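These notes are about the structure you will find just below.
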Amino acid sequence: AWSAQALEWLAGTSTAMRVRQKRAHLEVTYQSLTALDPDWGARHDLAAWLWAFACVTSRCFSVRLNGADQVVMVPWADLMNHVPDPELRWGLDPDTRRFTVRANRAVATGAALNIRYGRKTNPYALMGYGFTSHVGCTPNGEGLNAPRVPLVPVPGDPLWARKQAVFEAADVVVPRGAWITDSEADPD
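Here you go:
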């Protein structure tokens with residue numbers, strides 16, 4: 042769940058709007074579930090429902106099985122980090138029908154093992170997984186297959202100066218008219 046302070050940092054972005062919309066949708070879903078089964082609702086509060094939903098949606102893999110898309114949880118595989126050019130690839134082996142993780146190239150002993158979550162824009166990755174990355178972005182911040190939207194201060198945003206300071210501390214140059222990536226949906 043996003044704290045009020047975290048949402049302040051996203052003020053004026055489509056990501057903040059989407060976070061609020063998603064939370065409202067999840068609250069309605071929770072209320073519907075508790076109306077269908079009041080005993081379930083008595084055992085699980087909204088915070089537990091939001092936590093469980095976040096765990097499932099941020100840790101599942103989508104695979105094609107029997108001609109249909111399926112969502113699976115794979116212990117340990119869900120702990121790997123995302124990079125655009127990973128050492129490993131994952132998928133469902135069509136012969137064994139088992140989830141597999143295989144090396145794309147030789148990997149040195151002790152090296153980090155990474156996978157690719159798919160083509161994710163930074164706003165999608167932030168909302169779905171809690172991270173963003175400059176890796177794979179162009180110098181103006183545009184990610185793969187992501188449209189550009191201007192990064193401009195929202196009139197009266199009391200945190201704009203602090204946001205600029207964070208960019209500068211991270212050695213990120215945000216010139217006037219800079220661009221960030223955004224997308225209405227995950228392109229994969």
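Residue 42 is where the sequence shown starts when you use the numbering used here, and the numbers rise one by one after that. Glycine included, every Cβ here is placed at the ideal spot set by N, Cα and C. Because the structure is a prediction, the values reported are computed rather than measured.
Item	Value
Segment limits, beta strand (DSSP E) that includes residue 82	From DSSP, residue 82 is part of no beta strand (DSSP E) but of the alpha helix (DSSP H) over 79–84.
Sheet register partners of residue 108 (DSSP bridge)	Residue 108 pairs with nothing; no bridge assigned.
8 Å CB neighbourhood of residue 60 in its chain, flanking five on each side removed	43, 48, 51, 168
Spatial distance of residue 128 from residue 200 (CA atoms)	38 Å
Contact set for residue 82: own chain, Cβ-Cβ below 6 Å, skip 5 residues either direction	75
Three CB pairs or more closer than 8 Å across the stretch 102–114 and the stretch 141–155	no
Own chain residues within Cβ distance below 8 Å of residue 63, not counting five before or after	168
Bridge partner(s) assigned by DSSP for residue 103	112
DSSP-derived helix/strand/coil call for residue 200	coil
Residue nearest to residue 117 in terms of C-alpha spacing, selected from 149, 154, 136	154
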